[in-house]
Amino acid sequence: MIDARGQSCPIPVVMVQEAVKREGFPAELRVLVDARVCVENITRFASFQGYTVSVEEASGEYTMTLKRK
Amino acid sequence: MNGRIKISVIAAGAVVGILATALTVLGNPANMGFCIACFIRDIAGALKLHSAKPVQYFRPEIVGLVAGSMIMSLGYKEFRPRAGSSPATRFVLGAFVMMGALVFLGCPLRMVIRMGGGDLNAFVGLAGFFAGILTGIFFLKKGFTLKRAYEVKGTEGFAVPGVLILMFILFLLVPSIFALSEEGPGSRYAPVLVSLAAGLIVGALSQRSRLCMVGGMRDAVMFRDFNLLSGFAVIFITVLLGNIITGSFTGFSTLSQPVSHSSQLWNFLGMALAGWGSVLLGGCPLRQLILTGEGNGDSGVTVLGMLMGTALSHNFGLAGSADSVTDGVYKVGGISTAGKATVFTGFAVLLVISITNCRSKK
Numbered sequence: 000m001i002d003a004r005g006q007s008c009p010i011p012v013v014m015v016q017e018a019v020k021r022e023g024f025p026a027e028l029r030v031l032v033d034a035r036v037c038v039e040n041i042t043r044f045a046s047f048q049g050y051t052v053s054v055e056e057a058s059g060e061y062t063m064t065l066k067r068k
Numbered sequence: 000m001n002g003r004i005k006i007s008v009i010a011a012g013a014v015v016g017i018l019a020t021a022l023t024v025l026g027n028p029a030n031m032g033f034c035i036a037c038f039i040r041d042i043a044g045a046l047k048l049h050s051a052k053p054v055q056y057f058r059p060e061i062v063g064l065v066a067g068s069m070i071m072s073l074g075y076k077e078f079r080p081r082a083g084s085s086p087a088t089r090f091v092l093g094a095f096v097m098m099g100a101l102v103f104l105g106c107p108l109r110m111v112i113r114m115g116g117g118d119l120n121a122f123v124g125l126a127g128f129f130a131g132i133l134t135g136i137f138f139l140k141k142g143f144t145l146k147r148a149y150e151v152k153g154t155e156g157f158a159v160p161g162v163l164i165l166m167f168i169l170f171l172l173v174p175s176i177f178a179l180s181e182e183g184p185g186s187r188y189a190p191v192l193v194s195l196a197a198g199l200i201v202g203a204l205s206q207r208s209r210l211c212m213v214g215g216m217r218d219a220v221m222f223r224d225f226n227l228l229s230g231f232a233v234i235f236i237t238v239l240l241g242n243i244i245t246g247s248f249t250g251f252s253t254l255s256q257p258v259s260h261s262s263q264l265w266n267f268l269g270m271a272l273a274g275w276g277s278v279l280l281g282g283c284p285l286r287q288l289i290l291t292g293e294g295n296g297d298s299g300v301t302v303l304g305m306l307m308g309t310a311l312s313h314n315f316g317l318a319g320s321a322d323s324v325t326d327g328v329y330k331v332g333g334i335s336t337a338g339k340a341t342v343f344t345g346f347a348v349l350l351v352i353s354i355t356n357c358r359s360k361k
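Heads up: the sequence lines are chains A and B, in that order.
Under numbering that gives the first Met the number 0, residue 68 is the last one in the first sequence; the count climbs by one each step, no gaps.
Under numbering that gives the first Met the number 0, residue 361 is the last one in the second sequence; the count climbs by one each step, no gaps.
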């Protein structure tokens, strides 16, 4: 699980980008963020990398699940 | 190309361009429909934080931008007070971003507006801005972070917007207690309510679209994501068309441009400093105002740092002076020795902040 809560733009996306590279395009990645703008940015990046994204919200925090298409 | 370009970014860009043109027609200085650096500098002057007489006015646009963002974020449940991400560092960065911007004579948003006004000096600024952004990206890739922010009480989120709004109300009720320019750029402004409304509209749209001048180039380079860059491009095109329609466009030139100088090295370096600092902050000066409206205390502190930076710029003569014509002789403006020293000091400070805040790689 990548914890990108409270990070400024575009660090959450950088963290996902690093994880994708480091783990060699894993089948699944989970990311925790706490701002909708991060959800939007990560979703745009992930879909470009060939991932589908699902998001669950609980008390202002978003758990994103990225699955390779 | 990565993903869709959001309609909201295009719309926000177009509205910024149209309102920037309208504000200029209605009284704002030329190519200064919006300028976060200039306007915060004018507010610093109005508050007597500096004593440069030509640049003192309580710009309602700034209040509108923050309030517009706040209204939208409250409405969309995105008003989330948080703080604690290296606030003192952000204060310093905000100050140097402003000092760099004022060497160039404009924030990144005004740079785009100046480009649309045919000011070729702004294209040199753009090159410097891009170089600064690339430098910032280098450190982002090395793991730069100012550490995370945490959720805080509501009062933290309202603190800076609240003070700004209260001061503005005071300005409307008792303008005589503020320092206000009688000549120069500070004496040229659109009607107060028009400026406030324009700020509110742009603040609201920028909050929804996440419009950011530094984000456009940063995301394009780092992620091949052209969403925010499209807003940047639309502002340029709209302002250019606006200037042509209103008859103020006289072609592209470096000479005799409004509130602009043709000392190209310093146009380049000033914006490089602003671009690098903005990447480290996570957004351009406009974006810092919008985040302040969303209750982000770190951005609120950044805005206070920006206020300090503009005041220091004018108290110590660090800002650029515009090209001028005296007795028929064209005099190239530029910056003082102190201003040049400050730019290099800024680069040194940013380098230290960039290096010391890199995460160790796992």
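From the three backbone atoms N, C-alpha and C, an ideal C-beta is built for every residue, glycine too.
Every value quoted in this text rests on a predicted model; they were computed, and no experiment measured them.
Using three-state DSSP, classify residue i as helix, strand or coil.
i: asparagine 1 of chain B; result: Only weak support exists for where asparagine 1 of chain B lies, its pLDDT of 47 falling under 50; the coordinates are left without a value.
i: leucine 92 of chain B; result: helix
i: asparagine 295 of chain B; result: strand
i: threonine 62 of chain A; result: strand
i: phenylalanine 251 of chain B; result: coil
i: glutamate 382 of chain B; result: No statement about residue 382 of chain B is possible, as the shown extent of chain B runs from 0 to 361 and does not include it.
i: threonine 51 of chain A; result: strand
i: threonine 336 of chain B; result: helix
i: phenylalanine 167 of chain B; result: helix
i: serine 261 of chain B; result: coil
i: lysine 140 of chain B; result: helix
i: serine 323 of chain B; result: strand
i: valine 30 of chain A; result: strand
i: alanine 21 of chain B; result: helix
i: cysteine 37 of chain B; result: helix
i: aspartate 218 of chain B; result: helix
i: glutamate 362 of chain B; result: Residue coverage of chain B in this structure runs from 0 to 361, which leaves residue 362 of chain B outside it and unanswerable.
i: cysteine 357 of chain B; result: strand
i: arginine 4 of chain A; result: coil
i: lysine 152 of chain B; result: coil
i: serine 81 of chain B; result: According to the sequence as given, residue 81 of chain B is arginine; it is not serine. Three-state result, arginine 81 of chain B: strand.
On the CB-based measure, 16 or more other CB atoms within 10 Å of its CB, does residue i come out buried or exposed?
i: valine 12 of chain A; result: buried
i: phenylalanine 138 of chain B; result: buried
i: isoleucine 427 of chain B; result: There is simply no residue 427 of chain B to check, as chain B begins at 0 and stops at 361 in what is shown.
i: asparagine 242 of chain B; result: buried
i: valine 213 of chain B; result: buried
i: arginine 223 of chain B; result: exposed
i: aspartate 326 of chain B; result: exposed
i: methionine 0 of chain A; result: exposed
i: lysine 361 of chain B; result: Summary for lysine 361 of chain B: the model assigns pLDDT 47, below 50, so the residue's position carries little reliability, and this model does not support an answer.
How would you list, in chain order, the residues of chain A whose beta-carbon sits under 9 Å from the beta-carbon of residue i?
i: arginine 209 of chain B; result: Cys8, Val36, Glu39 and Asn40
i: serine 84 of chain B; result: Gly5, Gln6 and Ser7
i: leucine 139 of chain B; result: Pro9, Ile10 and Val13
Which residues of chain B have a Cβ atom closer than 8 Å to the Cβ of residue i, listed in chain order?
i: glycine 59 of chain A; result: Arg79 and Glu150
Counting only C-beta atoms, is residue i closer than 8 Å to chain B at any point?
i: phenylalanine 24 of chain A; result: no
i: valine 52 of chain A; result: no
i: valine 19 of chain A; result: no
i: valine 30 of chain A; result: no
i: arginine 67 of chain A; result: no
Examine chain A for any beta-carbon lying closer than 8 Å to the beta-carbon of residue i, and answer yes or no.
i: serine 205 of chain B; result: no
i: arginine 113 of chain B; result: no
i: glycine 214 of chain B; result: yes
i: arginine 109 of chain B; result: no
i: arginine 58 of chain B; result: no
i: arginine 366 of chain B; result: There is no way to answer for residue 366 of chain B, as the model of chain B reaches only from 0 to 361.
Going along chain A in order, which residues have a C-beta closer than 8 Å to the C-beta of residue i?
i: threonine 381 of chain B; result: This structure does not reach residue 381 of chain B, given that chain B is present from 0 up to 361, and the question cannot be answered.
i: glycine 282 of chain B; result: Ser7 and Cys8
Quick one: does residue i have its CB under 8 Å from some CB of chain C?
i: aspartate 218 of chain B; result: Included in the structure are the protein chains A and B, with no chain C among them.
Pairing CB atoms from the stretch 84-96 of chain B with CB atoms from the stretch 219-231 of chain B, are three or more of them under 8 Å?
no
Taking three-plus beta-carbon pairs below 8 Å as touching, is the stretch 145-161 of chain B in contact with the stretch 29-47 of chain B?
no
Is there contact between the stretch 60-67 of chain B and the stretch 113-121 of chain B, where contact requires at least three CB pairs shorter than 8 Å?
no
Does the stretch 98-108 of chain B come close enough to the stretch 341-358 of chain B to have 3 or more Cβ pairs within less than 8 Å?
yes
Any contact between the stretch 128-146 of chain B and the stretch 269-280 of chain B? By contact I mean 3 or more CB pairs, one from each, below 8 Å.
yes
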